[in-house]
Amino acid sequence: MLSLRNITLTQYKNYLQESFSFDQPIIGIYGNNGVGKTNLLDAIYYLSFTRSYFFKSDLQNVHHGKSGFRIEGNFTTDMTDQHVVCILRETGRKEVLLNDELYPRLSGHIGKFPCVIITPDDARIITEGSDERRRYSDALLCQMDTVYLQHLIEYNRLLQQRNQLLRSLSERISTDRGLLDVYDAQLQRPGTYIFVKRQHFFREILPSIRSIYQYISGNDDGLELSYHSDLLTTPYAELLYKSRDRDIMMQRTLAGIHRDDIDIRLQNQPFKNIASQGQRKSLLFAMKLAEYDMLKTVKGFAPIILLDDVFEKLDALRMHQLLERVCAPGNGQLFITDTHESRIREHLEKLSVDYALIGLKQ
Ligand SMILES: Nc1ncnc2c1ncn2[C@@H]1O[C@H](COP(=O)(O)OP(=O)(O)OP(=O)(O)O)[C@@H](O)[C@H]1O
Ligand SMILES: [Mg+2]
């Protein structure tokens, strides 16, 4: 079983220097608003993904007035200890070490300590633009397949270069349209790899999301999920070639896997337009639990699960169902936050599992 035994945060967000030990498979973290519950979960997420779940820029994670931070943790996997350190140097350079060895590339770390996070902010996955849904599926795919991650990095790098060329062509700084041939050819390899992987992935996970949704909400409400991609109808070469004139006019690449989406419908209407609050919550939890199940199957052990503020989001019955599911024997370590010690205790008591509570103070 994968578990995090302790963590030390230095200059990370509101923490100047603090250590926590986790001796149980289930850890409840409670404290008033603003004490740092979410930040602590985010630090755990950081050890898994080498970045914050919330902020793209690492500067926002540095304790105000300081420069640089350090997060250090000890994991146990199959009875062996693993020491992970993430450092943001004062120079802005990021370093990640596993058992004192520096990774040449941060991507080498992703997937070693899988983790699933559920936070109130996640409603965005359903309500906002397609980039949020790609972020959801990519986080999962990258943890399962390091080659996918490398292709994704390569694709994004090439895409930026192509977009830069499109701007130059549009503003007539460059007239070298031939260079587009080069980028288009280069984009196809990582682009096709990503497309094929996503196709397999969605074929598996979408039915699983649907059945978990049904389990949580009691019926399926006519929920339909499907993978949407330009590549489903048009081969890559043709796609990029066809959209060239439009791309130059708009100064960016308008077709390709960076536009993929999950189409979500309820009674044949766009989900976000007609779903109730409760239906949204159910879908979100179904997506996250499907992610959890898939990681568990692929890795052969359960990922760590981080539940932030879920008590505020779900009614008592749904909450109990969710906890029963993730706390079932054979499942992994769970971190859960709440503002009320009594509420978190009450829920965990009902499950008759070993748990520890950590109270945070300002
Ligand atoms: N870079 C930073 N430096 C110093 N403090 C920070 C930094 N980033 C966030 N904070 C502080 O961290 C606190 C928020 O912490 P966090 O979001 O973890 O609280 P919480 O316990 O989850 O609260 P809630 O119950 O409201 O969700 C805020 O007071 C915020 O000002
Ligand atoms: Mg919080």
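Numbering (our numbering), first residue to last: 174 to 535.
Don't be surprised by glycine CBs; every beta carbon is placed ideally from N, CA and C.
Return yes when the Cβ of PHE242 is within less than 7 Å of the Cβ of LEU213, no when it is not. For LEU213 and PHE242, no; Cβs fall outside 7 Å.
ARG330 versus ARG453 - alpha carbon distance: For ARG330 and ARG453, the gap between their C-alpha atoms comes out near 34 Å.
DSSP on ALA475, reduced to helix/strand/coil? coil
CA-CA distance, GLN372 and PHE228? 29 Å
Same chain only: Cβ atoms within 7 Å of ILE389, ignoring 5 sequence neighbours per side: Cβ neighbours of ILE389 beyond the five flanking positions: SER455, PHE458, ALA459, ARG491, GLN494.
Based on Cα-Cα distance, which residue from PRO198, ASP434, VAL320, LEU404 lies nearest to THR301? Note that residue 301 corresponds to Glu in the displayed sequence, not to Thr. Ranked by Cα distance from GLU301, the first of PRO198, ASP434, VAL320, LEU404 is ASP434.
Within 10 angstroms of the Cβ of LEU314, are there 16 or more other Cβ atoms? Answer buried if so, exposed if not. buried
Would you kindly work out how many angstroms separate the C-alpha atoms of VAL258 and ARG340, rounded to a whole number? About 40 Å.
Extent of the continuous alpha helix (DSSP H) to which GLY351 belongs: 351 to 390
For GLN442, count neighbouring C-beta atoms within 10 Å of its own C-beta (all shown protein chains included) and say buried if the count is 16 or more, exposed if not. exposed
Under DSSP, the alpha helix (DSSP H) around THR181 begins and ends at which residues? First-last for THR181: 176 to 185, but that is the beta strand (DSSP E), not the alpha helix (DSSP H).
On the criterion of 16 or more Cβ atoms from any shown chain inside 10 Å, does HIS237 qualify as buried, or is it exposed? Answer is exposed; the Cβ neighbour count stays below 16.
Return yes when the Cβ of SER176 is within less than 7 Å of the Cβ of GLN506, no when it is not. yes
Secondary structure at GLN424, three-state DSSP: helix, strand or coil? In this structure, GLN424 counts as coil in the three-state DSSP scheme.
Considering only heavy atoms of ligand 1, list every residue whose Cβ is less than 5 Å from one of them, following chain order. LYS186, ASN187, ASN206, GLY207, VAL208, GLY209, LYS210, THR211, ASN212, HIS236, HIS237
Leaving out five residues on either side along the sequence, give the residues of the same chain with a beta carbon under 6 Å from the beta carbon of LEU279. THR223, VAL269
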